[in-house]
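My numbering numbers the first residue of the sequence shown as 9 and each following residue consecutively.
The C-beta atom is built at its ideal place from N, Cα and C for all residues, glycine as well.
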Amino acid sequence: MSDFYQFARQLFDYTRDMRRTIHQHPETAHEEVRTAQLVAEQLTSFGLEVKTNVASTGVLGYLETDPHAPTIMIRADMDALNMSEANEAPYASQVPGKMHACGHDGHTAMLITTARMLSECKSELQGNVLFLFQPAEEGGFGAQRMLDTGALNWHKPDYSLGLHVWNQHQIGTITIHGGPIMAGARMFEVKITGKGGHGAVPDLAIDPLLAAAQCVTSLQSVVSRNISPLQSGVISVCTLHAGTAKNVIPATATFGGTMRAFTDDVWQVLNDRFYQIVEQTAAAFGCQAEINMEEAIGATTNDEEIAALTKEAVRETLPFMKVNETYQTMGSEDMSIWLDAVPGCFFFIGSANEEKGLNAPHHHPMFDIDEDVLPMGAAALANAARHILAVKASQTNPQG
C-alpha cells in the first residue's frame, strides 16, 4: 500500500508551483477560465476522463477502476475574492483588486495532486473517483449551478469528500467529526418606508430611521431570549442606510445582514421571530416593512460513518496530526449542497503558522497559508478516498 503522505511530500514542489500559479492569477466567481484550463490540462495528463465548462467554468475528472464499483467524489473550489492583496510574497496576486484570500488556490492544487497520486496508484482502489473542481463558492452559488446542470449525472458518486485550509488553527491540526461542522446562512435586506419631512418638525413626518433602529435593537434579543443557550444561532445586522441630509427625515431606511444556524428548529425560530419583530415594529411606528430574504445555504453536515472512516484514514497517513472532534464554525460553505446530495465528509486542516507570521484570517488582505499543509491535505484526501472505497467494497462483498 502506498504511503500517500510520503508520496505527496515527493510532489511538494509540483503542488506548491500549482498553488502559486493559481494564486498569482486569481479569478473570481464564474470567471475561473485560466484556472479551469490548468486543472483540465493536468487531469488529462494523468489519463483521466475530463469534462469542462460545467456550469460555466467547472471541471470534472473521472478515474475508473470498475464501472460496477462505488464512486467517491472529491471536491475543491477554485474562485478568488474581489479584494486587493497586501502581501509582498513573490507569488502575490498579479491582478489588481483580486486575490486568493480564502485558500481555494490551495484546495485546487491539493486536489490536482490527489488526482495524480490516485491515478498512479489506481490498482489500490476498490472503486472509482470523481474529481470535482467547482467555480463560485464565494456567493456565486457554484455548487447549486453545477448540480442543476447535471454534474453528478455524468458519473454518479456514492460518497463525497472535501476540505478547507483553516487559518484559525495552526498547522498540524485537523478537524473531523460527524454532524454539522459549518452553519447554514441566509442574507436579508429590509426596507422601512415612512414619510419624509423636515427635521425641525418631526411630528409632521413618519420616521423610518427610528423604526429601523428599533428593529436592529430588538432583533438582538432573538438569540439571547428565544434560542436555548445550549444551541447556536446568529442574527447580525451589518448595514444600515438612511437619508442624505442632516436636517431631513428620510422617507425610507434600509438595513441588511445575515442569519446563521446549524439546525432546522433554530432556523424556524430565527425566521419566525425576524418577520414578527420587523413587521410589527415597523407598524408600531406607522411604517411599512418590505423584507427580502435570500435563499438559504444549508448547514454543512457530515455523514457520521463517512466522517469516522475519514478520521481513520487521516490517522493512518498523518499520525502526527492532532485531531479535533468538536470544533464548529458559524461560517457557511456551499459544500453543504454536495453533502445534501451525496453523503460525505468535509473537514478543516490547520494552515496557519504563527512562527512564520502566517496567521492572518480568511478574507484578509494579508491572508496566506503555510505551504507545508499542501502535502498533508493531498495525502488526507487520497488516503480517505482509498479507505472509504475499500471499506464499502468489503461491506458490499464481505467474502471478496
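Cβ-Cβ separation between Cys353 and Gly202: approximately 50 angstroms, too far for a contact (criterion under 8 angstroms). When beta bridges are read from the DSSP output, Cys353 appears opposite Leu169. From the listed residues Val103, Met154, Asp21 and Gly187, the smallest Cα separation to Ala315 is found for Gly187. In terms of Cα proximity to Asp25, the closest of Phe282, Ala100, Gln288 and Leu227 is Ala100. For Gln32, the enclosing alpha helix (DSSP H) stretches over residues Phe20 to Gln32.
Going by beta carbons, Ala151 and Arg268 fall outside the 7 angstroms limit. Taking every protein chain shown into account, the CB of Ala117 has 16 or more other CB atoms within 10 angstroms, so this residue is buried. According to the DSSP assignment, Met81 belongs to no alpha helix (DSSP H) but to the beta strand (DSSP E) extending over Thr79 to Asp85.
Ala250 and Ala63 have their C-alpha atoms spaced approximately 38 angstroms apart. Between Phe270 and Ala307, the gap from beta carbon to beta carbon is short of 7 angstroms. Across the structure, Thr73 and Glu132 are spaced so that their CA atoms are roughly 9 angstroms apart.
Between the alpha carbons of Gln18 and Asn175 lies a distance of about 24 angstroms. Residue ranges of uninterrupted beta strand (DSSP E) with 3 or more members, entirely inside the region 139-225 and ordered along the chain, are 167-178, 181-183, 187-190 and 192-201. Residue range Glu57 to Val62 is occupied by the beta strand (DSSP E) that includes Asn61.
Sixteen is the threshold: since fewer than 16 other Cβ atoms of the shown chains lie within 10 Å of the Cβ of Arg233, the residue is exposed.
Counting the other CB atoms within 10 Å of its CB gives Asp280 a total below 16, which places it among the exposed residues.
Of the residues assessed, Asn136 falls on the buried side of the cut-off, its CB having 16 or more other CB atoms within 10 angstroms. In the structure shown, Asn391 adopts helical secondary structure according to DSSP, grouped into three states. Annotated three-state conformation of His249 is strand, per DSSP.
Under the three-state reduction of DSSP output, Thr262 falls in the strand class. Residue range His112 to Glu128 is occupied by the alpha helix (DSSP H) that includes Gly114, with no beta strand (DSSP E) assigned at that position.
Going by beta carbons, Ile377 and Gly114 fall inside the 7 angstroms limit.
The region 70-84 makes contact with the region 154-168; the number of CB pairs closer than 8 angstroms reaches 3 or more. Secondary structure of Val274 (DSSP, three-state): helix. In the three-state reduction of the DSSP assignment, Met301 falls in the strand class.
The beta carbon of Val103 sits closer than 7 angstroms to those of His33 and Pro34, all from its chain and outside the five residues before and after it, given in chain order.
Fewer than three beta-carbon pairs drawn from the region 361-369 and the region 314-332 are found closer than 8 angstroms, and the two stretches are therefore not classed as touching. Boundaries of the alpha helix (DSSP H) around Thr52: Val41 to Ser53. In this structure, the straight-line span from the alpha carbon of Ile305 to that of Gly339 is close to 11 angstroms. Membership of Val103 in any beta strand (DSSP E) is not indicated, and neither H nor E is assigned to it by DSSP.
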